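Here's the structure, in structure tokens; my notes come after.
In this note's numbering, the protein residues as written are 277 to 643.
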């Protein structure tokens with residue numbers, strides 16, 4: 277059996293890695309990162325080629341994306357299954373083009389059409405054979421479009437756990453009093469957030485004396501070190517600390533976290549935090565006009581109310597003041613942690629990865 281996997285996000289790559297690890301008798305091809313290549317997935321392109329958020333930010337990637345789209349379209353007929361993960365700007369056009377060529381198409385983590393551009397749900401339900409969602413409220417949303425979807429829980433229920441003790445992490449960091457800073461998981465986010473966060477981190481250290489700890493990926497490290505070279509920041513990547521994001525957030529006093537999967541992960545790790553996001557003004561204005569939801573943080577979307585503060589397109593001083601208010605208030609810290617304790621139940625019982633693996637095996641071989 278031959279399966280082609282297309283993804284554009286490191287979180288999706290992490291989930292896929294755990295789903296396909298150990299599966300025998302299947303040749304995997306796709307858009308990959310190093311962790312998938314270690315499992316033997318044959319690379320068509322890098323996840324960084326597509327990993328971008330926003331209308332304006334995507335423009336420089338269009339020529340490369342078109343080339344990759346054509347390559348996947350050519351390969352679709354030779355594959356038994358095509359798995360598309362998230363990235364609707366790339367995958368929805370691809371979905372239409374390969375529908376008549378692909379034997380079976382599985383859309384894993386479909387577009388957040390419930391948040392904006394609801395018509396995207398029509399494309400997914402019309403052209404994908406199977407849809408696998410990871411948020412509980414998406415089941416009813418896609419059912420409204422006439423499609424039954426598969427939901428077995430969110431992978432982070434299994435993955436969002438420390439692998440080191442607090443003592444081991446403190447020995448690495450050098451102190452118990454530190455703040456976890458997660459500037460993003462895409463190059464577009466790193467390049468926009470690094471200069472934005474500089475004054476925030478500078479003020480935070482000078483005013484509070486709290487250490488600033490940044491778990492990140494190897495690819496982003498040189499850039500972040502250069503951008504923040506005169507700040508008292510300590511960096512950790514997978515080569516210097518196992519599962520850096522999870523282990524750092526698990527024992528942090530609090531976190532300053534870019535909106536995305538890391539926000540939900542922080543909540544499951546019971547790390548109090550504020551969520552922020554900065555994007556190009558054009559992207560922001562278009563997104564604001566099209567948005568159908570009141571929140572951007574996954575924690576707040578799952579809760580249906582504001583649990584963690586969101587600062588979108590706000591000034592560095594506003595982010596700093598909001599974070600100071602959080603860490604100086606035992607009541608606010610306690611309120612966040614109280615809700616975080618409920619989230620694992622909302623997102624499904626443990627064993628999600630095993631259930632996903634079984635589900636995908638079933639979908640691969642069903643005809």
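All residues carry an ideal CB built from backbone N, CA and C; glycine is no exception.
Quantities reported herein were computed from a predicted structural model and do not represent experimental measurements.
Task: Cα-Cα separation, residue 335 to residue 481 - done: Because residue 335 sits at a pLDDT of 43, beneath the cut-off of 50, its placement in the model cannot be relied upon, and the following sentence gives the value as read from the coordinates. Using only the alpha carbons, I get a separation of about 37 Å.
- [ ] Look up residue 491 in the DSSP assignment and say whether it is helix, strand or coil.
- [x] strand
TODO: With DSSP collapsed to three states, give me the class of residue 306.
DONE: In the displayed model, residue 306 falls within a strand according to three-state DSSP.
Open item on the list: Using 8 Å as the cut-off, can you tell me whether the segment 488-495 makes contact with the segment 424-444, which would need three or more C-beta pairs spanning the two stretches below that distance?
Closed with: no
TODO: Measure the Cβ-Cβ separation of residue 543 and residue 619 and say whether it is below 7 Å.
DONE: yes
Open item on the list: Taking the beta carbon of residue 582 as the centre, do at least 16 other beta carbons fall within 10 Å, making it buried, or is it exposed?
Closed with: For residue 582, the number of other beta carbons within 10 angstroms of its own is below 16, and it is reported as exposed.
Open item on the list: So, for residue 220: in the same chain, excluding its five sequence neighbours on each side, which residues have a beta-carbon less than 8 Å away from its beta-carbon?
Closed with: As shown, the chain starts at 277 and ends at 643. That puts residue 220 outside it, with no answer to give.
- [ ] Apply the 10 Å Cβ neighbour rule to residue 328 and answer buried if 16 or more other Cβ atoms are within range, or exposed otherwise.
- [x] Only weak support exists for where residue 328 lies, its pLDDT of 45 falling under 50; the value from the coordinates is given anyway. It is buried - the Cβ of residue 328 has at least 16 other Cβ atoms within 10 Å.
Open item on the list: At 4 residues or longer, what runs of the alpha helix (DSSP H) sit wholly inside the segment 550-625?
Closed with: 557-566, 574-579, 592-603 and 606-622
- [ ] Just grab the DSSP bridge partners of residue 383 for me.
- [x] BP columns for residue 383 point to 360 and 407.
- [ ] Can you have a look at residue 621 and say buried or exposed, based on whether 16 or more other CB atoms are within 10 angstroms of its CB?
- [x] exposed
Open item on the list: Considering only DSSP beta bridges, list what residue 292 is partnered with.
Closed with: In DSSP, residue 292 forms no bridge with anything.
Open item on the list: I'd like to confirm the pairing. Which residues does DSSP put opposite residue 278 in its beta bridges?
Closed with: Beta-bridge pairing links residue 278 to 303.
Task: Neighbour-count burial assignment, residue 575, 16 or more Cβ in a 10 Å radius - done: Result: buried.
Task: Alpha-carbon spacing of residue 461 relative to residue 642, whole angstroms - done: 34 Å
Task: Counted within 10 angstroms of its Cβ, other Cβ atoms place residue 599 as buried (16 or more) or exposed - done: buried
Task: C-alpha distance - residue 524 paired with residue 507, whole-angstrom precision - done: Looking at the two C-alpha atoms, the distance is approximately 19 Å.
TODO: Would you decide whether residue 612 is buried or exposed? Buried here means 16 or more other CB atoms lie within 10 Å of its CB.
DONE: buried
Open item on the list: Considering only their Cβ atoms, is the gap separating residue 360 from residue 378 smaller than 7 Å?
Closed with: no
- [ ] Less than 8 Å between the CB atoms is what I'm expecting for residue 416 and residue 380, so what's the real figure, rounded?
- [x] That pair is no contact at about 25 Å.
Task: Residue nearest to residue 555 in terms of C-alpha spacing, selected from 467, 382 and 638 - done: 467
TODO: In the DSSP assignment, find the unbroken beta strand (DSSP E) run with residue 528 in it and report its ends.
DONE: Careful: residue 528 lies outside any beta strand (DSSP E) and carries neither H nor E.
Task: Whole-number beta carbon distance between residue 407 and residue 383, since they are thought to touch under 8 Å - done: 5 Å
Task: C-beta contact flag for residue 541 and residue 436 at 7 Å - done: yes
- [ ] Using 10 angstroms around the beta-carbon of residue 647, count the other beta-carbons present and answer buried if the total reaches 16, otherwise exposed.
- [x] This structure cannot settle anything about residue 647, because the visible part of the chain is limited to 277 through 643.
- [ ] Just grab the DSSP bridge partners of residue 287 for me.
- [x] Beta-bridge pairing links residue 287 to no other residue.
Open item on the list: Taking a contact to mean a Cβ-Cβ separation below 7 Å, would you say residue 587 touches residue 552 in this structure?
Closed with: yes
Task: Inter-residue Cα distance where the pair is residue 309 and residue 434 - done: 21 Å
Open item on the list: Applying the 10 Å Cβ sphere with the 16-neighbour rule, what's the burial state of residue 625?
Closed with: The residue is exposed, with fewer than 16 neighbouring Cβ atoms inside 10 Å.
- [ ] Note down the Cα distance separating residue 597 from residue 547, rounded to an integer number of angstroms.
- [x] 18 Å
TODO: Could you tell me the distance, in whole angstroms, from the CA atom of residue 443 to the CA atom of residue 531?
DONE: 19 Å
Open item on the list: What would DSSP say about residue 322, mapped onto helix, strand or coil?
Closed with: Residue 322: strand per DSSP, three-state reduction.
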